[in-house]
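Participant: Here's a structure for you.
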Amino acid sequence: MKMLIPVISCRLERPPIYHRVNQNISISLVLLKYSVRLRFSLIFCRMVLVLLTGWGVQATARDYFDPALLDFGSNSGQPVDLSQFETAGGQAPGTYRVDIYVNGTFFDSRDITFQRHGDSELVPVLTPDLLDTAGVNISDTPALKILPTDKPIENPLGKYIPQATARLNFSQMRLNLSIPQIAMKPSTNGQVDPKLWQEGIPAFILNYSVNGSQNQRSQFGNKQTNQSLFGSFNSGLNLGAWRLRNTSTYSYNTQTYNRYDSLNDAMKKTTQSRQRWNFLQTYLQRDVVALRSDLTIGDTSTGSVAGQVFDGFPYRGIGLATSDSMIPGRQSGFAPIISGIAKSNAQVTVTQNGSVIYQTNVAPGPFRITDLVGSSTGGDLQVTITEADGTHHGFSQAYSSLPMMLRQGQFKYEAAVGRYHTSGYSSGGRKPVFGMVSMIYGLPGNVTLYGGGLAAQSYQSAALGTGLSLGMMGALSADITTSRARLKNMADIQRGESYRAKYSKSMLTSGTTVDLTAYRYSTRNYLSFSDVNTQGYSVWGELPSWMSQRRRSSWQMRLSQSLPGNYSLWLSGQRDNYWGSSKTNTTLSMGLNGSFYRVGWGLNYSIDRIRGNGDWPENRQVSLNVNIPLSLFGSYAALNNAYANYSLFHDSTGRGSNQLGMGGSLLDDNSLSWSVSQSQANKGQGNSGSVSMGYSGSLGQANLGYNYDSSGGRGVNYGVSGGLIAHQHGVTLASRIGDAAVLVRTSGVGGIRVMNSNSITTNHWGYAVVPYAQTYSRNSISLDPSSLPEGADMAQGSKNVFPTKGAVVMVDYPVRIGQQLLMNLLYHGKPVPFGAMAGLKGDTATNLAAIVGEGGQVYLSGMPPSGVLKVKWGSAPDSQCEVVFNLGPPPVKAKQDKSWSPMRQLNETCR
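Here you go:
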């Protein structure tokens, strides 16, 4: 009996050829799509044959793809080995630039070598040093601790760390490292290995701000003209880890008077001019990584640590202090320890003020969280435990803090030796040599201890205090500072004390926040270091006259209350009195803020009262501000970024004013701003108005304005500000530069945009400055590939930098620009095998490569006018060849030629 076997036709199609016009699309993507479709066609044909014939087909462990089928119709006769692609996720072993993610968090982009582990997919070649940098706790992992730090470990990773995996996602060029939390270093969130910190390149930095005005006033035939110019300059020089910084100002003022001289019956003109350079501060600074500190030499002031213990003051000398920038976010500031019990493998979530601030997974049993991110504002913490079965339980933990408080075991210090230094005081002031040390330490039980000492020839002071978190009762600190001073021309020693207390509490349930309540009392003879050194000392009677104006006590308070309906109420007050005087200075302010249908408004009331004989009377002020977005009145594009505002002011003396204004921003990036206002006032204040425009771009800011008043005054004001960096390759302009900056270089190619920036693009020479970077942290600098010019290509568009304080880090993006080619390659008269790799010989900068497609066709971009193309599909000598090409000038588009393409097609022989 004959069996009828139907004829099945399985047609294999060649992949289409895509011509690139405006986008850099690799033809390898087209070939990959084709190979998937080809493989699907083969499997489909095989399934149909089995179903129709009923023949059994032996099951195999994996699909096999005959490489000879890729030669279908091309007659190359040289199939390439594609066995590594037959496994899901399989690729050829080698070195790839990949993005490394640790437990879902981006770590770094690096060149990683991948090897084949048996018949499985590729596995990375890792070293203990790389894992340590990525946050793995090598010292607590015995299997890794005994290995050389720079030698590759054996695969798989789970052999050393149970349940750890390392998987490559080739389509995204992403290496995913999954490490159990127990094997990670504590507090690694936001922490960067100091080995990654970058000191940057040698560079000169300048921030400048120049403002000028010309005002003219005419009255009763007399004319007065004032011209002024003020410039502020912050300059610096970087060399290795050292930073030289200077702050200087320049002022110029000219006054011209045209008055009528009745004696001579003529106009008389007089001119007065004055200009001055003022060098305010010059110092040399560097970081001391081993101590997590900053070393400063020169003109400076006491820092944040000393400011919590003593009153701050300027000096010229040497200072060494803890650097807050070097402390990871989960170790800085004060945060409570959270303890609880999980019934199963659970997820613990901590929220504060409605936001999630911490989340982690814990094992069954007791847990202890010690690495919460510190918050200076406080606010109760809501802890939610989500068990494995989905059930929830939790609790609330009170949390209040004060600025000087630290978590248990944390330590900050500041030490300084030098000479008191300031300018602008009388010649009677002192500039003694001194030594100072201040310390803050976090103790168990939510207690912080702080104190210090200061000693000079005629002055000594000591301070000691403590801060305490009281849980639901808030946070409280108290300290005492003593002083011993011998005043100029006085034999007696003045001894005194100053007592200070601070309190803070946030009550989220009622919406009330006590931001800070502080009280300070100083005895009659207490003197701060600045008191002794910045005053004149002509003796009037028993004590110097200036001592009668010293502050005796000071009380400060600020409360805020949130109200229903997006409203808030705040109240602040301060009361000061002085030794040797009956004066009492009291300031009380309160305000109510809110919004209604996007219309924001604020009502403020304040009282200033200085009581004493012959002093000013009480002054009361009330003000109202209303801001209305013009987009409320229509969806026109011109109204989207425009607003109108109104303000009213009135005080107890009867003075009052009203002001109406409009403003907004223009251009796509809102870089051009404008405003116009008109005000009316009583009691001889007159009316006034102004018009102004401003521009803010990647190279700086500029503004121009005009103002007038009803008394005959007219004026023009203007200003420019920005920054620049002078480096070994030239000078690059920028906006004002922050604590650290990034210099982007793109191989001389201009017009490439830096992503997530304020319209920053590379200049004509291929340089751009990202003016702000976070110090001692990871900063990702990415270029927009769509902004690449025609024919340009780059191997990597995103890199990470880790600048130290004050550093200028250069990031080099090798960009190859040239012609686009679609090249048909023949080797010994037959097409080069599918899957071969082609790259420009000697191109060590960009290291760009392309995959040869079916029929020996390869797409290349950024090709120079001439060169050598190296093609390789194996390690044997007969599995590689070279093509010498000479392209000549690039193609020029003809007018009205719609079929024109910037891509050239060539047929070349590979030898």
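For what it's worth, this note's numbering labels the leading residue of the sequence shown as 5, then goes sequentially.
Ideal placement from N, C-alpha and C gives every residue a C-beta, glycine not left out.
1) CB-CB under 6 Å to T736, same chain, minus the five flanking residues each way: which ones, in chain order?
2) Taking only the alpha-carbon atoms, compute the straight-line gap between S451 and I341 and give it to the nearest angstrom.
3) Leaving out five residues before and five after P895 in sequence, what residues of the same chain have Cβ atoms less than 7 Å from its Cβ?
4) Quick one: what's got a C-beta closer than 7 Å to L406's C-beta in the same chain, skipping five residues either side?
5) If you scan the stretch 647-690 from start to end, which runs of the beta strand (DSSP E) of 3 or more residues do you find wholly inside it?
6) Tell me the residue span of the beta strand (DSSP E) that contains G311.
7) Is E912 helix, strand or coil by DSSP?
8) If you compare alpha carbons, which of I322, Q220 and T808 is closest to N721?
9) Return yes when the Cβ of K199 is within less than 8 Å of the Cβ of N141, no when it is not.
10) Quick check: the Cα distance between G394 and V102, rounded to an integer number of angstroms?
11) Suppose the cutoff is 7 Å on Cβ atoms and the five residues either side in sequence are ignored; what does the same chain contact list for N226 look like?
12) By alpha-carbon positions, which one of V888, A840, K845 and P893 ends up nearest to K876?
13) From V813 to A777, what does the alpha carbon distance come to, in whole angstroms?
14) Mind checking which residues open and close the beta strand (DSSP E) that includes D291?
15) In angstroms, rounded to a whole number, what distance separates the CA positions of K2 and F118?
16) Suppose the cutoff is 7 Å on Cβ atoms and the five residues either side in sequence are ignored; what does the same chain contact list for L248 look like?
17) Identify, in the order they occur along the chain, each residue of the same chain with its Cβ nearer than 7 Å to the Cβ of G302, setting aside the five sequence neighbours on each side.
18) Does the contact criterion of 3 or more C-beta pairs under 8 Å hold for the stretch 305-324 versus the stretch 337-357?
19) Secondary structure at M177, three-state DSSP: helix, strand or coil?
20) Indicate the three-state DSSP secondary structure (helix, strand or coil) for E125 in the structure shown.
21) Just to confirm my understanding: we take F4, look at its own chain, exclude 5 residues before and 5 after, and list those with CB closer than 6 Å. What are they?
22) Enumerate, from N- to C-terminal direction, the unbroken beta strand (DSSP E) stretches of 3 or more residues contained entirely within the stretch 439-517.
23) In the DSSP assignment, the beta strand (DSSP E) including P318 goes from what residue to what residue?
24) Consult DSSP for F415 and reduce its assignment to one of helix, strand or coil.
25) Just mark R915 as buried or exposed, buried being the case when its beta carbon has 16 or more other beta carbons within 10 Å.
26) May I have the straight-line CA-CA distance separating F111 from N804, to the nearest angstrom?
27) Would the beta-carbon of Y650 fall within 8 Å of that of V626?
28) Taking one C-beta from the stretch 747-757 and one from the stretch 677-692 each time, how about it: are there three or more such pairs within less than 8 Å?
29) Just mark V54 as buried or exposed, buried being the case when its beta carbon has 16 or more other beta carbons within 10 Å.
30) Helix or strand or just coil, what does DSSP make of V758?
31) Less than 8 Å between the CB atoms is what I'm expecting for Y105 and R178, so what's the real figure, rounded?
32) Only counting the same chain, and skipping five residues up and downstream in sequence, which positions put a Cβ closer than 6 Å to that of N28?
33) Measuring alpha carbon to alpha carbon, tell me which of I331, Y863 and H425 ends up nearest R923.
34) Taking all protein chains shown into account, decide if T657 is buried (16 or more other Cβ within 10 angstroms of its Cβ) or exposed.
35) Between G598, W559, N537 and Y582, which lies nearest to H565 when the distance is taken from Cα to Cα?
36) Hey, out of A799, N828 and P807, whose CA is closest to R820's CA?
Facilitator: Reading off the structure:
1) As a first step, residue 736 must be located in the sequence shown, where it is residue number 732. Excluding sequence neighbours, T736 sits near I729, Y771 and V773.
2) Taking the first residue of the sequence shown as 1, we reach residue 451 at position 447. Taking the first residue of the sequence shown as 1, we reach residue 341 at position 337. Residue identity check: residue 451 is Val in the sequence provided, not Ser. C-alpha separation (whole angstroms): 12 Å.
3) Mapped onto the sequence shown, residue 895 falls at position 891. Within the same chain, P895 has close Cβ partners P906 and R908.
4) Taking the first residue of the sequence shown as 1, we reach residue 406 at position 402. Taken in chain order, the residues that qualify are G471, A479, S481, K506 and S508.
5) 660-670 and 676-685
6) Counting from one through the sequence shown, the residue named residue 311 turns up at place 307. Unbroken run through G311 is the alpha helix (DSSP H), S308 to V313; no beta strand (DSSP E).
7) Along the sequence shown, one-based indexing puts residue 912 at 908. DSSP places E912 in strand when its eight states are reduced to three.
8) In the sequence shown, residue 721 corresponds to position 717, counting from 1. Here the closest residue by C-alpha is Q220.
9) Counting from 1 along the sequence shown, the entry for residue 141 is found at position 137. Counting from 1 along the sequence shown, the entry for residue 199 is found at position 195. For N141 and K199, no; Cβs fall outside 8 Å.
10) The residue labelled residue 394 in the question sits at position 390 within the sequence shown. The residue labelled residue 102 in the question sits at position 98 within the sequence shown. So the alpha carbons of these two residues sit roughly 36 Å apart.
11) In the sequence shown, counting from the first residue as 1, residue 226 sits at position 222. If the five residues before and after N226 are omitted, its C-beta is found closer than 7 Å to the C-beta atoms of N262, R263 and Y264, all from its own chain and listed in chain order.
12) Along the sequence shown, read from residue 1 onward, the residue named residue 876 stands at position 872. Cα-wise, what sits closest to K876 is A840.
13) Translated into the one-based positions of the sequence shown, residue 813 becomes position 809. Translated into the one-based positions of the sequence shown, residue 777 becomes position 773. Spanning the two alpha carbons is a distance of roughly 10 Å.
14) Taking the sequence shown and counting its residues from 1, one reaches residue 291 at position 287. Counting along the chain, the beta strand (DSSP E) containing D291 begins and ends at A270 to V292.
15) In this structure the chain extends from 5 to 915, so residue 2 is not present and cannot be described.
16) In the sequence shown, counting from the first residue as 1, residue 248 sits at position 244. Within the same chain, L248 has close Cβ partners G240, L241 and L288.
17) If you number the sequence shown from 1, residue 302 lands on position 298. These residues qualify, in order along the chain: T286, Y287, L288 and R320.
18) Counting Cβ pairs under 8 Å, fewer than three are found: no touch.
19) Translated into positions along the sequence shown, residue 177 becomes position 173. If DSSP states are grouped into helix, strand and coil, M177 belongs with coil.
20) Here residue 125 is taken as the residue at index 121 of the sequence shown, counted from 1. DSSP places E125 in coil when its eight states are reduced to three.
21) No statement about residue 4 is possible, as the shown extent of the chain runs from 5 to 915 and does not include it.
22) 451-460, 463-473, 479-490 and 497-511
23) Residue 318 sits at position 314 when you count from the first residue of the sequence shown. P318 to T326 is the span of the beta strand (DSSP E), which, as asked, contains P318.
24) The count along the sequence shown starts at 1 and reaches residue 415 at position 411. In the structure shown, F415 sits in a strand (DSSP, three-state: E or B).
25) Here residue 915 corresponds to residue number 911 of the sequence shown, with the count starting at 1. Per the 10 Å Cβ criterion, exposed.
26) Taking the first residue of the sequence shown as 1, we reach residue 111 at position 107. Taking the first residue of the sequence shown as 1, we reach residue 804 at position 800. Those two C-alpha atoms are separated by around 9 Å.
27) The residue labelled residue 650 in the question sits at position 646 within the sequence shown. The residue labelled residue 626 in the question sits at position 622 within the sequence shown. Going by C-beta atoms, Y650 is not nearer than 8 Å to V626.
28) no
29) On the sequence shown, position 50 is the one that residue 54 refers to. Its pLDDT being 39, under 50, V54 is placed unreliably in this model, and the coordinates cannot settle the point.
30) Along the sequence shown, read from residue 1 onward, the residue named residue 758 stands at position 754. Note: V758 maps to strand in three-state DSSP.
31) Translated into the one-based positions of the sequence shown, residue 105 becomes position 101. Translated into the one-based positions of the sequence shown, residue 178 becomes position 174. Y105 to R178, Cβ: 6 Å. Contact.
32) Within the sequence shown, numbered from 1, the residue matching residue 28 stands at position 24. Note that N28 scores a pLDDT of 35, beneath 50, so its modelled location is shaky and nothing firm can be said.
33) This structure leaves residue 923 out entirely; the chain is present only between 5 and 915.
34) What you label residue 657 is simply residue 653 of the sequence shown in a count that begins at 1. It is exposed - the Cβ of T657 has fewer than 16 other Cβ atoms within 10 Å.
35) For the purposes of this step, residue 565 is taken as residue 561 along the sequence shown, with counting starting at 1. The question names His, but residue 565 is Gln in the sequence shown. Nearest C-alpha to Q565: G598.
36) Here residue 820 refers to the residue found at position 816 of the sequence shown. Checking every option, the nearest Cα to that of R820 belongs to A799.
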